[in-house]
Amino acid sequence: MPISLTQINCPNCGAPLAWDGTYGKPITCPYCGSQVMPGSTEVDDVWLFTDPVARARFEFNGTLDELEHDIRYEVLRGRTWSDLDRECKRELDRLEREGLIRKLASFWALSPFPTVYRARQDGELTLGGRRFSFRKGQELVWACPMTRDRFELDDPILIGDFASERVQHLCGAMADAMMGRMSRMEA
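So this is what it looks like as structure tokens:
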């Protein structure tokens, strides 16, 4: 019996992608190289920032539903990815395609467990019109909203050496998870 294909669009570049309707099976965009993980969810791509190895570990352990819930309600807070988050993803994908950064065999310590990249040479990325420089050997990782709140960051990128930050935590399990949000709401 032939497989029926459905067309979806790449969330990174908008190109059409052929999809066989199987959830949890990644599709690589032939135009921009982004990996898309179709899901049966209302959020356009709940797994957008989750490293594929991290996702596979949760799936193997039978806790993928717990991670998805954490991403939806703790990381995204019932919303979707911001334009600045998407811009950060596009910039990291671009830098990787151009060979300026490479994925490490690890992922960030906090949910949604984004990929950590290492700079192969000096370079820069642009987010919201601001330029961020990095040096060869530094690590780059997308910063989730909770991290941005906790450290009062305006931009969703962390650049530095994060080798000591590899213990994994779900956002919902962290003490005072909403502390940054609550103090801003009261002001």
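Here the sequence shown stands for residues -14 to 172, where the numbers follow the numbering used here. Here a beta-carbon is modelled for each residue, glycine too, at the ideal position from N, C-alpha and C.
Query raised in the report: By DSSP, does Tyr102 sit in helix, in strand, or in coil?
Result: Translated into positions along the sequence shown, residue 102 becomes position 117. It is a strand residue.
**Report entry** Other residues of its chain near Thr100: CB distance less than 7 angstroms, five sequence neighbours each side excluded
**Finding:** Here residue 100 refers to the residue found at position 115 of the sequence shown. If you ignore the 5 residues before and after Thr100, its C-beta comes within less than 7 angstroms of the C-beta of Asp36, Lys88 and Phe92, all in its own chain and listed in chain order.
Report task. Look up Val31 in the DSSP assignment and say whether it is helix, strand or coil. Result -> Residue numbering aside, residue 31 sits at position 46 when the sequence shown is read from its first letter. Reduced to three states, the DSSP call for Val31 is coil.
Query raised in the report: Where does Glu76 sit, in a helix, a strand or coil, going by DSSP?
Result: Your numbering for residue 76 matches position 91 in the sequence shown. Residue state, collapsed to three classes: helix.
Report task. For Thr13, name the three-state secondary structure that DSSP assigns. Result -> Here residue 13 refers to the residue found at position 28 when the sequence shown is read from its first residue. DSSP places Thr13 in the strand class (E or B) of the three-state scheme.
Query - Reduced DSSP category for Thr111 - H, G, I as helix; E, B as strand; rest coil - result: The sequence position of residue 111 within the sequence shown is 126, counting from 1. The DSSP-derived three-state label of Thr111 is strand.
Query raised in the report: What is the C-beta distance between Thr111 and Glu76, in whole angstroms, given that I count them as a contact (C-beta under 8 angstroms)?
Result: Your numbering for residue 111 matches position 126 in the sequence shown. Your numbering for residue 76 matches position 91 in the sequence shown. 7 angstroms between Cβ atoms; contact.
Requested in this report: Pull up the distance between the alpha-carbon of Ser(-11) and that of Trp4, whole angstroms please.
Outcome: Residue -11 sits at position 4 when you count from the first residue of the sequence shown. Residue 4 sits at position 19 when you count from the first residue of the sequence shown. The pLDDT assigned to Ser(-11) is 47, lower than 50, so where the model puts this residue is not dependable, and the model offers no usable value.
**Report entry** Phe119 versus Pro141: straight-line alpha-carbon distance, rounded
**Finding:** Translated into the one-based positions of the sequence shown, residue 119 becomes position 134. Translated into the one-based positions of the sequence shown, residue 141 becomes position 156. Taking the straight line joining both Cα atoms gives about 15 angstroms.
Requested in this report: Alpha carbon to alpha carbon, how far is Ala90 from Thr70? Give it in angstroms, no decimals.
Outcome: Position 85 of the sequence shown, counting from 1, holds the residue named residue 70. Position 105 of the sequence shown, counting from 1, holds the residue named residue 90. The displayed chain sequence assigns Asp, not Thr, to residue 70. Each residue's Cα considered, the two are about 22 angstroms apart.
Requested in this report: Going by CA-CA distance only, name the one from Val31, Ser67 and Gly47 that's closest to Asp55.
Outcome: For the purposes of this step, residue 55 is taken as residue 70 along the sequence shown, with counting starting at 1. Of the candidates Val31, Ser67 and Gly47, the one whose C-alpha sits nearest the C-alpha of Asp55 is Val31.
Query raised in the report: For Arg62, which of Phe43, Leu138, Cys129 and Phe45 has the nearest alpha-carbon?
Result: Locating residue 62 in the sequence shown gives position 77, counting from the first residue. Of Phe43, Leu138, Cys129 and Phe45, the residue nearest in Cα terms is Cys129.
Requested in this report: Output the boundary residues of the alpha helix (DSSP H) element that contains Phe136.
Outcome: Numbered from its first residue, the sequence shown carries residue 136 at position 151. Phe136 -> no alpha helix (DSSP H), and no H or E assigned at all.
Query raised in the report: So which of Tyr16, Val38 and Ala104 has the shortest CA-CA distance to Lys10?
Result: Here residue 10 refers to the residue found at position 25 of the sequence shown. Each of Tyr16, Val38 and Ala104 was checked against the Cα of Lys10, and the nearest Cα belongs to Val38.
Requested in this report: With a cut-off of 8 angstroms on the beta carbons, I'd call Gly122 and Arg103 a contact; round off their distance for me.
Outcome: Sequence index remark: in the sequence shown, residue 122 carries index 137 (1-based). Sequence index remark: in the sequence shown, residue 103 carries index 118 (1-based). With 8 angstroms as the limit, Gly122 and Arg103 qualify as a contact, their Cβ atoms being about 7 angstroms apart.
Query raised in the report: Residues in its own chain within less than 6 angstroms of Tyr16 by CB, not counting five upstream and five downstream?
Result: Stepping through the sequence shown from its first residue, residue 16 is reached at position 31. Short of 6 angstroms from the beta carbon of Tyr16, and not among the five residues preceding or following it, lie these beta carbons of its own chain, in chain order: Cys(-2) and Ala0.
Query raised in the report: By DSSP, does Phe185 sit in helix, in strand, or in coil?
Result: Shown here, the chain extends from -14 to 172; a query on residue 185 therefore has no answer.
Query raised in the report: Is it buried or exposed for Arg64, if we count other Cβ within 10 angstroms and need 16 for buried?
Result: Walking along the sequence shown from the start, residue 64 turns up at place 79. So Arg64 ends up on the exposed side.
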